[in-house]
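Sequences listed follow chains W and U, in order. Counting in the numbering used here, the first sequence runs from 1 upward without gaps. Counting in the numbering used here, the second sequence runs from 1001 upward without gaps. All C-beta atoms, glycine included, are put in the ideal place defined by N, C-alpha and C. Presented below is the structure to which this report refers.
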Amino acid sequence: MPAVKPQFTNILLVVLLALTAWHAFWKPDPPNNQLRLVFTAEANGKDLVFDQFLYENPSGPGQFRVQNFRFYISNIQLSGEDGTYFEPDSYHLVRFGSQSNKSSIELNNVLLKSYSSLSFSVGIDEPANSSIEPRGDLDPNSQMAWNWEVGYKFVVFEGSLKMGESIQPLVYHVGFSENRRDLLFTRPIEEDLIGTSEVSFKVDVMKLFDSASVLNLAQLQSVKFDRQDARVLAENYSRMFSIEEN
Amino acid sequence: MADQRWIAAVAAAVTIGGGAFFTVRALPPDPTPVAGFSAPFVFGRFSVPQDNPLTEEAFALGRRLFYDPVLSGSNDRSCATCHIQRLAFTDGLPKAAGLDAEDLDFSSMSLVNLLWGQERFFWDGRALGLEQQALLPIQNPREMAQDLEGLVSELNGSRQYRRMFRQAYGDVSSENIARALATFMRMLISADSKYDRFLRGEAKLSEQEELGRKLFMAHPDTKASLRGGNCIDCHSQFLTSGFRDGLDGFSNNGLDRDADLPAGLMAVTGNPAHKGFFKVPTLRNIAVTAPYMHDGRLRTLEDVMDHYNDGVVVSDTLSPLILEADNAASPPGSFVGLRLTDNEKAAIIAFLRTLTDETFLSDDRFSNPFEGEK
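See below:
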């Protein structure tokens, strides 16, 4: 038998070693699907426009403009044939502005192959609302914080109402744990979650003032700490969202 | 055969030795991370640029540069000319003094807790980070009027600076000057005021200070019988500076009418909805940073409270939160201002005084390093 050349043995050894190392460190990736939730702010069926007096007071005189509109979405959950996925630390600030009437949330590690229902809360659960620990987009030094004794604002709308020559401020800051609203959206068919997918929501800002209750903004120019008023707006904002089927 | 081996061995030794020599030469310096760096939990998250970690060497270099007049064209003023430690790094003037014997357009700004809050700098937010900011006053012909290339060669002429740059970063360069100054400024942390000690449970506020704190932290709501000064609508509860998110840290707080409204943030964004918006400043050490506002128009904290109470001037971009905040129920639109009582105004001022941090104002680490050398 002819002797094996030493170089050859060396190469063989190196290849074997590499194979073992590769084997030891390589693990199959768990299903790592991405879902993007896209929120589009609208009014009267069109893209919301900031800073211009374009919108009618739903039940009274004057036109209003929007200068600030944002809210917290939390505890996003997906359910499908292979189980339920809870996003960890699920606190997201959804904000719109003159630059963009869209805002999106990325779920980067969805451990499901498909889903047929999706749920989230508008607002924040009691434990997180009464804490100053920064989690997700919660930040006690942000505009959404009232102060640490009160908690966070869930939905913020600021603007002004023009009646003839007079311009009046509109300030709606709604919070308090009792005003968290849990929304559930079911899809007509099981939706695939392979790779990156998207789901779109319309947010109709007019519904904040014109849905369960119809408001006259000239009479109710601000809502902050009055519990009754805050509840009225919470009922309205729970109707502000709709899922877009395509 | 033996000769060949000998030659190979020498060649190998030369290659290895030479390689090692060049590697060591090219190896980045190994500066010491700032030890025991900690910040109050309530200040929240912060981030330091990856290419400019906080190190002792960068801090020492930045401190020296900050106090060194060599940074100005005629070697007669330093950053500290307009940013004085005893005054929480402001200069006590309504508007900073320009080189041309005329005032600059703006009042000098306090440099404190810059790791938190709004990430844009200057009153109109034109600088996007501290590294970018640091080189602007140096080159500004009305501030320090120094050309950067000239500065780099001046610094290269100093053995001590060459050594300090080598230990912190490597070469003397304008990028490294900016990085060092930014590091020094990031370390200017004030967290030992009476308010901080109160938050840590180590101090009690007086009755008046506590009333002031409550008013500072509340937006008034006559319907819910809640009185407030609404300061927290713009000055965050723990940092007392403007908000970090997006452009949330800019606002129009009612200093001028439309006809005289300066561009402010609009000069940077081009958005007319930002006309007259200015950076919401930190209120830490506010009792020592008079006069107040971007042009230093208000002399005292009493003047500031009078402004928010009944001196607000309406303009199109005035914050709706200021327009709406009122402690007296009245027909909407009939009055703009907080309408607090004299007692309540005094209480808010008493609270603002709890934000003075003597430890910070006299901390040796932030003082002029040249004084120790003389």
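Using a Cβ-Cβ cutoff of less than 7 Å, which residues in the same chain neighbour alanine 1080 of chain U once the five nearest sequence positions on both sides are dropped? Counted from its first residue, the second sequence places residue 1080 of chain U at position 80. So the qualifying residues of the chain are Phe1066, Tyr1067, Asn1368.
- Query: With which residues is glutamine 168 of chain W paired in a DSSP beta bridge?
  - Reply: On the first sequence, residue 168 of chain W is found 168 positions in, with the first residue counted as 1. As computed with DSSP, glutamine 168 of chain W is found in a beta bridge with W:Leu161.
Discussion item. Report the CB separation of leucine 48 of chain W from valine 66 of chain W in whole angstroms; it is logged as a contact under 8 Å.
Written reply: If you number the first sequence from 1, residue 48 of chain W lands on position 48. If you number the first sequence from 1, residue 66 of chain W lands on position 66. Indeed they touch by this definition, with Cβ atoms about 6 Å apart.
- Helix or strand or just coil, what does DSSP make of serine 177 of chain W? Sequence index remark: in the first sequence, residue 177 of chain W carries index 177 (1-based). If DSSP states are grouped into helix, strand and coil, serine 177 of chain W belongs with the helices.
Is any beta-carbon of chain W found at less than 9 Å from that of methionine 1117 of chain U?
-> Along the second sequence, read from residue 1 onward, the residue named residue 1117 of chain U stands at position 117. It is worth fixing the name first, because residue 1117 of chain U is glycine in this sequence and not methionine. Chain W, which has a Cβ nearer than 9 Å to the Cβ of glycine 1117 of chain U, makes this yes.
Continuous beta strand (DSSP E) stretch holding glycine 1212 of chain U: start and end: In the second sequence, counting from the first residue as 1, residue 1212 of chain U sits at position 212. That residue, glycine 1212 of chain U, is in no beta strand (DSSP E); its alpha helix (DSSP H) goes 1207-1216.
Mind checking if aspartate 82 of chain W is an interface residue toward chain U, Cβ cutoff 9 Å exclusive? To locate residue 82 of chain W, count along the first sequence from 1; it is residue 82. False, the Cβ-Cβ gap to chain U never drops below 9 Å.
Within the region 1158-1199 of chain U, ranges of the alpha helix (DSSP H) (whole runs, at least 4 residues): 1159-1168, 1174-1186, 1194-1199
Next on the checklist: If you follow the alpha helix (DSSP H) that serine 1153 of chain U is in, where does it begin and where does it stop?
Outcome noted: Along the second sequence, read from residue 1 onward, the residue named residue 1153 of chain U stands at position 153. Membership of serine 1153 of chain U in the alpha helix (DSSP H) is indicated by the continuous run 1148-1156.
Using only CA atoms, which one of W:Lys224, W:Lys162, W:Tyr172 lies nearest to tyrosine 55 of chain W?
In the first sequence, residue 55 of chain W corresponds to position 55, counting from 1. With distances taken between Cα atoms, tyrosine 55 of chain W lies closest to W:Lys162.
Proximal residues, the region 141-172 of chain W versus chain U, C-beta separation under 7 Å: Asn141, Ser142, Gln143, Ala145, Asn147, Trp148, Glu158, Gly159, Ser160, Ser166, Gln168, Pro169, Leu170, Val171
**Asked** For a contact meaning CB atoms closer than 9 Å, what does aspartate 1245 of chain U contact in chain W?
**Response** Here residue 1245 of chain U is taken as the residue at index 245 of the second sequence, counted from 1. Those within 9 Å of aspartate 1245 of chain U in chain W are Leu93, Arg95, Asp137, Asp139, Ser142, Gln143, Met144.
- Query: Taking just the CA atoms, how far does aspartate 82 of chain W sit from threonine 1119 of chain U?
  - Reply: As a position in the second sequence, residue 1119 of chain U is number 119, starting the count at 1. As a position in the first sequence, residue 82 of chain W is number 82, starting the count at 1. The sequence shown places glutamate at residue 1119 of chain U, not threonine. Approximately 43 Å, taken between the alpha carbons.
Note down the Cα distance separating aspartate 229 of chain W from asparagine 236 of chain W, rounded to an integer number of angstroms.
For this step, residue 229 of chain W is matched to residue 229 along the first sequence. For this step, residue 236 of chain W is matched to residue 236 along the first sequence. Those two C-alpha atoms are separated by around 11 Å.
Note to self: Below 8 Å on the Cβ atoms is my contact criterion, and I expect leucine 1247 of chain U with methionine 1185 of chain U to pass it. Report the Cβ-Cβ distance as a whole number of Å.
What the structure shows: Here residue 1247 of chain U is taken as the residue at index 247 of the second sequence, counted from 1. Here residue 1185 of chain U is taken as the residue at index 185 of the second sequence, counted from 1. Leucine 1247 of chain U to methionine 1185 of chain U, Cβ: 22 Å. No contact.
Practice item. Give the straight-line distance between the Cα atoms of methionine 1217 of chain U and glycine 1229 of chain U, rounded to the nearest whole angstrom. Key: One-based indexing of the second sequence puts residue 1217 of chain U at position 217. One-based indexing of the second sequence puts residue 1229 of chain U at position 229. Roughly 7 Å separates the two Cα atoms.
TODO: For the beta strand (DSSP E) containing asparagine 1309 of chain U, list its first residue and its last residue.
DONE: On the second sequence, residue 1309 of chain U is found 309 positions in, with the first residue counted as 1. No beta strand (DSSP E) contains asparagine 1309 of chain U, which DSSP labels as neither H nor E.
Q | Interface partners of glutamine 221 of chain W on chain U, CB under 8 Å | A | On the first sequence, position 221 is the one that residue 221 of chain W refers to. Within chain U, the residues near glutamine 221 of chain W are Glu1324, Pro1332.
>> For a contact defined as C-beta to C-beta under 8 Å, what are the partners of alanine 1273 of chain U on chain W?
In response: As a working note, residue 1273 of chain U is residue 273 in the second sequence. Going along chain W in sequence order, the residues near alanine 1273 of chain U (Cβ under 8 Å) are Phe50, Asp51, Gln67, Ser98.
Which runs of the alpha helix (DSSP H), 4 residues or longer, sit entirely within the region 52-127 of chain W?
none
- prompt: Between tryptophan 1123 of chain U and leucine 1135 of chain U, what straight-line distance do the alpha-carbon atoms span, to the nearest angstrom?
  reply: For the purposes of this step, residue 1123 of chain U is taken as residue 123 along the second sequence, with counting starting at 1. For the purposes of this step, residue 1135 of chain U is taken as residue 135 along the second sequence, with counting starting at 1. C-alpha separation (whole angstroms): 16 Å.
message = Could you check whether the Cβ of lysine 1223 of chain U sits closer than 9 Å to any Cβ belonging to chain W?
response = As a first step, residue 1223 of chain U must be located in the second sequence, where it is residue number 223. So yes, lysine 1223 of chain U belongs to the interface.
Item to check | Bounding residues of the beta strand (DSSP E) (the contiguous stretch that carries isoleucine 243 of chain W) | outcome: The residue labelled residue 243 of chain W in the question sits at position 243 within the first sequence. It spans 241-244 - the beta strand (DSSP E) in which isoleucine 243 of chain W sits, taken as one unbroken run.
| request: Report yes or no: is there a C-beta of chain U within less than 9 Å of the C-beta of methionine 1 of chain W? | output: Counting from 1 along the first sequence, the entry for residue 1 of chain W is found at position 1. Because the pLDDT at methionine 1 of chain W is just 46, under 50, the model does not fix this residue reliably, and the point stays unresolved.
So is valine 1172 of chain U buried or exposed if we call it buried at 16+ other beta carbons inside 10 Å?
As a working note, residue 1172 of chain U is residue 172 in the second sequence. So valine 1172 of chain U counts as buried.
_Contact criterion: CB-CB distance below 9 Å. Does isoleucine 1232 of chain U meet it with respect to chain W?_
Taking the second sequence and counting its residues from 1, the one referred to as residue 1232 of chain U is at position 232. Isoleucine 1232 of chain U counts as touching chain W.
If the criterion is Cβ atoms closer than 9 Å, does the pair phenylalanine 1046 of chain U and tryptophan 1116 of chain U meet it? By one-based count along the second sequence, residue 1046 of chain U stands at place 46. By one-based count along the second sequence, residue 1116 of chain U stands at place 116. Contact flag set, yes.
According to the Cβ coordinates, are arginine 1162 of chain U and leucine 1155 of chain U closer than 9 Å? On the second sequence, position 162 is the one that residue 1162 of chain U refers to. On the second sequence, position 155 is the one that residue 1155 of chain U refers to. In this structure, leucine 1155 of chain U lies closer than 9 Å to arginine 1162 of chain U by Cβ.
Original post:
Using the C-alpha atoms, what's the distance from threonine 1090 of chain U back to isoleucine 1138 of chain U?
Top reply: Taking the second sequence and counting its residues from 1, the one referred to as residue 1138 of chain U is at position 138. Taking the second sequence and counting its residues from 1, the one referred to as residue 1090 of chain U is at position 90. Computed Cα separation, rounded: 17 Å.
message = Quick check: the Cα distance between alanine 1290 of chain U and leucine 1301 of chain U, rounded to an integer number of angstroms?
response = Here residue 1290 of chain U corresponds to residue number 290 of the second sequence, with the count starting at 1. Here residue 1301 of chain U corresponds to residue number 301 of the second sequence, with the count starting at 1. Straight-line Cα distance between these residues: approximately 8 Å.
If you draw a straight line from the C-alpha of threonine 1023 of chain U to the C-alpha of aspartate 1051 of chain U, how long is it?
As a first step, residue 1023 of chain U is located in the second sequence; it is residue number 23 there, counting from the start. As a first step, residue 1051 of chain U is located in the second sequence; it is residue number 51 there, counting from the start. For threonine 1023 of chain U, the pLDDT reaches just 45, beneath the cut-off of 50, and the residue's location in the model is therefore unreliable, leaving the point undetermined.
### Message
Under 9 Å, Cβ to Cβ, is there at least one residue of chain W near proline 1281 of chain U?
### Response
Start at 1 with the first residue of the second sequence, and residue 1281 of chain U comes out as number 281. With 9 Å as the cut-off, proline 1281 of chain U does not count as an interface residue toward chain W.
Which chain U residues sit within Cβ distance under 8 Å of aspartate 226 of chain W? The sequence position of residue 226 of chain W within the first sequence is 226, counting from 1. Within chain U, the residues near aspartate 226 of chain W are Asp1221, Lys1223, Ala1224.
(message) Can you tell me which residues form a DSSP beta bridge with phenylalanine 1250 of chain U?
(response) Position 250 of the second sequence, counted from the first residue, corresponds to residue 1250 of chain U. The partner list for phenylalanine 1250 of chain U (beta bridge, DSSP) reads U:Lys1279.
So with Cβ pairs under 9 Å, would you call aspartate 1310 of chain U a contact of chain W? Your numbering for residue 1310 of chain U matches position 310 in the second sequence. It does not; no Cβ of chain W falls within 9 Å.
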